[in-house]
Amino acid sequence: MSVEQDRETRRRRTFAIISHPDAGKTTLTEKLLLYGGAIATAGAVKSRKADRSARSDFMEMEQQRGISVSTAVMSFEYNNVAMNLLDTPGHNDFSEDTYRTLTAVDAVLMVIDSTKGVESQTKKLLEVCRLKRTPVITMMNKLDLEGMEPLDLVDNLEKELGMACVPMTWPIGKGREFKGVFDLRRNEVHFYTSSLHHKKNDVETIDLHSERAAQLLGANEVSRLREDVHMLQELTPAMDQSRFNGGQITPVFFGSALNNFGVDSVLNMICDIAPPPGPRETTTRIIEPDEENFTGFVFKIQANMDRNHRDRMAFIRICSGVFTRGMTLHHVRTGKDTIIRNAITFLARNRNLVETAYPGDIIGIPNHGTIRIGDTFTQGEKLQITGIPSFAPELFRRARLKDPLKAKALSKGLEQVCEEGAAQLFRPISGSDYIIGALGELQFQVIASRLENEYRVNADFETIPRNVCRWIIGDDATKKQIIDRYAYDLFMDGSGNLCILADNLFRCNQIADKFPEVTLARTMEQL
Ligand code: G4P
Numbered sequence: 378m379s380v381e382q383d384r385e386t387r388r389r390r391t392f393a394i395i396s397h398p399d400a401g402k403t404t405l406t407e408k409l410l411l412y413g414g415a416i417a418t419a420g421a422v423k424s425r426k427a428d429r430s431a432r433s434d435f436m437e438m439e440q441q442r443g444i445s446v447s448t449a450v451m452s453f454e455y456n457n458v459a460m461n462l463l464d465t466p467g468h469n470d471f472s473e474d475t476y477r478t479l480t481a482v483d484a485v486l487m488v489i490d491s492t493k494g495v496e497s498q499t500k501k502l503l504e505v506c507r508l509k510r511t512p513v514i515t516m517m518n519k520l521d522l523e524g525m526e527p528l529d530l531v532d533n534l535e536k537e538l539g540m541a542c543v544p545m546t547w548p549i550g551k552g553r554e555f556k557g558v559f560d561l562r563r564n565e566v567h568f569y570t571s572s573l574h575h576k577k578n579d580v581e582t583i584d585l586h587s588e589r590a591a592q593l594l595g596a597n598e599v600s601r602l603r604e605d606v607h608m609l610q611e612l613t614p615a616m617d618q619s620r621f622n623g624g625q626i627t628p629v630f631f632g633s634a635l636n637n638f639g640v641d642s643v644l645n646m647i648c649d650i651a652p653p654p655g656p657r658e659t660t661t662r663i664i665e666p667d668e669e670n671f672t673g674f675v676f677k678i679q680a681n682m683d684r685n686h687r688d689r690m691a692f693i694r695i696c697s698g699v700f701t702r703g704m705t706l707h708h709v710r711t712g713k714d715t716i717i718r719n720a721i722t723f724l725a726r727n728r729n730l731v732e733t734a735y736p737g738d739i740i741g742i743p744n745h746g747t748i749r750i751g752d753t754f755t756q757g758e759k760l761q762i763t764g765i766p767s768f769a770p771e772l773f774r775r776a777r778l779k780d781p782l783k784a785k786a787l788s789k790g791l792e793q794v795c796e797e798g799a800a801q802l803f804r805p806i807s808g809s810d811y812i813i814g815a816l817g818e819l820q821f822q823v824i825a826s827r828l829e830n831e832y833r834v835n836a837d838f839e840t841i842p843r844n845v846c847r848w849i850i851g852d853d854a855t856k857k858q859i860i861d862r863y864a865y866d867l868f869m870d871g872s873g874n875l876c877i878l879a880d881n882l883f884r885c886n887q888i889a890d891k892f893p894e895v896t897l898a899r900t901m902e903q904l
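In the working numbering, the protein residues as written are 378 to 904.
#1: Is Asn518 near the ligand G4P, with its Cβ less than 6 Å from a heavy atom?
#2: Tell me whether Tyr735 is buried or exposed, calling it buried when 16 or more other Cβ atoms sit within 10 Å of its Cβ.
#3: Can you tell me which of Asn874, Phe754, Arg827 and Ser788 puts its alpha carbon nearest to the alpha carbon of Arg710?
#4: Within the same chain, show all residues whose beta-carbon is closer than 6 Å to that of Phe821, passing over the 5 residues directly before and after it, in chain order.
#5: What are the start and end residues of the alpha helix (DSSP H) that includes Pro893?
#6: How would you call Ile663, buried or exposed, if buried means at least 16 neighbouring beta carbons within 10 angstroms?
#7: Helix, strand or coil for Ile824, going by three-state DSSP, please let me know.
#8: Taking the straight line between their C-alpha atoms, what separation do you get for Ser379 and Thr733?
#9: Using the C-alpha atoms, what's the distance from Gln887 back to Asp853?
#10: Would you call the region 768–788 and the region 825–838 in contact, with 3 or more CB pairs under 8 Å?
#11: Hey, is Ile393 close to the ligand G4P, as in C-beta under 6 Å from one of its heavy atoms?
#12: Taking its Cβ as the centre, do 16 or more other Cβ atoms sit within 10 Å of Leu882, making it buried, or is it exposed?
#13: Whose C-beta lies closer than 6 Å to the C-beta of Leu462 among residues of the same chain, with five residues either side of it excluded?
#14: What is the DSSP secondary structure of Ala784, counted as helix, strand or coil?
#15: Taking Cβ positions, are Cys885 and Val845 nearer each other than 7 Å?
#16: Terminal residues of the continuous beta strand (DSSP E) containing Tyr455?
#17: Considering only DSSP beta bridges, list what Cys542 is partnered with.
#18: Let me know the secondary structure DSSP gives Ser447 once reduced to three states.
#19: Under 6 Å: does the beta carbon of Pro398 sit that close to some heavy atom of the ligand G4P?
#20: Locate the beta strand (DSSP E) running through Arg744, then write down its first and last residues.
#21: If contact is defined by three or more beta carbon pairs under 8 Å, each pair taking one atom from either stretch, is the region 517–532 in contact with the region 480–493?
#22: Helix or strand or just coil, what does DSSP make of Phe621?
#23: Would you tell me roughly how many angstroms separate the C-alpha atoms of Gly751 and Ser872, rounded to the nearest one?
#24: Does the Cβ of Tyr811 have 16 or more other Cβ atoms within 10 Å, making it buried, or fewer, making it exposed?
#25: Go through its chain and collect everything with a Cβ distance to Phe630's Cβ below 6 Å, but skip five positions before and after it.
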């Protein structure tokens, strides 16, 4: 490893923001970019909001992709730290995409709406973080609104998410009475002023014991705050780096993304304690980021980044080594070597050809469908990075073609759209139907629209009596016996893995009871 590789790896922070829709993820993303100097004024990312609103907006957004949105990763510099902020879709129906993005980050910033506390989507996403022991930094947002009491918020988070909270700042009032926060690390007050939208908030910072504090807060508020601070210092656990790294404790900040308040504290925390790229598990060994040879895996595929080309962009998270333009990468699944000259990075909102990229960075490789989610790239070593699952879909539809002459285009369209990972394609063991499985209803609408626009295929999706999916993991002989007996309920997924798509869980349990030597899995690693 070169000194440069070491230095560059250490200064990288690759993270994502998770939240329940409407908690303020889009707003905070924008403010982080503003503070990181990646955008000059806020408002630029706002079009992204379409992905959680009405269907028509979503379609519109899909159609305009490549022109406006499609920033799966946003990279920017802050205090000499290279930040890679990975985007996660806001809409619940795209949660699978979000789960997979979480496999590519080293830390997570969790935004909670302080008027609501922990909400359902946050719980689900945090479960994934816990499985992966991803460190989590928390921001309680919307302190400018009349929300829950700060102690109740902390209590709610600890109970709902099972993590100990370590407040880093503490709010002084809330709603109309919101006056600022006390920074418990630096022992100073950050005074709040509303700074809507567009520019950084120059926060006034003063000592709690100063005249100015008494003047601005009033003597009563100062003495109450002193008591609060004393109590917090007694009650809260220390900010232990290893417990944070293991996802057992989370530092908590209070602020208002809309008013640019508390944003810099969160960014500083990411610089200070979020871990740089760490080791990765593979099927054969652990990869360390400081290894000389390149390794990386694909966590996302996105089509329509450029309307003029049918290309799809494969997003690769670099795990070790240094990527340099023109290097030859080994695509482990296909066994092919390719010279990569056109990889792209995403500095701010611009796409640039990558000259050099380090562990923690995300590079985009345009391709015509040869690359799939979960694929590993190396410099020749035959290993497979693990931990990039597919989740069992919960909704199933049969694709029905309106024009029978378009069967080939339908098959191609469905295969390609599903390879991007938002939905899964299943073919019955006996029969020729195309069954699409997804985690959200919106997927079917998006697929129908894309089939029409990109493949000129008119298809609709009809409901079928299948509600549960489980992959069958076991030896070939047993699988054959299962096929002989339960063919009606058996399907192949897009990668040729055998699975059950059943009407109900009872059916799956029946098969599991009959064949205890196989495992019925809810998640599948596409190896
Ligand atoms: P999301 O991506 O998590 O779904 O949330 P988003 O940032 O879009 O924010 C949801 C709503 O909450 C937006 O209002 C946004 O302006 C507001 N918001 C975000 N942070 C704060 C905050 O700190 N304080 C207050 N008071 N509001 C906040 P909207 O009315 O839905 O949209 P818009 O009209 O403001 O664009």
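Using N, Cα and C, we set each Cβ at its ideal position, and we do this for glycine too.
On the basis of the coordinates in this document:
#1: yes
#2: buried
#3: Phe754
#4: Arg774 and Phe838
#5: Unbroken run through Pro893: none, as it is neither H nor E.
#6: exposed
#7: Helix.
#8: 13 Å
#9: 19 Å
#10: yes
#11: A small correction: the amino acid at residue 393 is Ala; Ile does not occupy that position in the sequence shown. Because no heavy atom of the ligand G4P lies under 6 Å away, the Cβ of Ala393 does not count as near it: no.
#12: exposed
#13: Met451
#14: helix
#15: yes
#16: Val450 to Tyr455
#17: The partner list for Cys542 (beta bridge, DSSP) reads Thr627.
#18: Any reading at Ser447 must be qualified, since the residue scores a pLDDT of 43, below 50, and its modelled position is unreliable; the value itself is stated next. Coil.
#19: yes
#20: The sequence given here places Asn at residue 744; Arg does not occur at that position. According to the DSSP assignment, Asn744 belongs to the beta strand (DSSP E) that extends over Ile739 to Asn744.
#21: Contact between the region 480–493 and the region 517–532 is present, with at least three C-beta pairs closer than 8 Å.
#22: helix
#23: Cα-Cα distance, rounded: 11 Å.
#24: buried
#25: Met516, Met545, Thr546, Gly639, Ser642 and Val643
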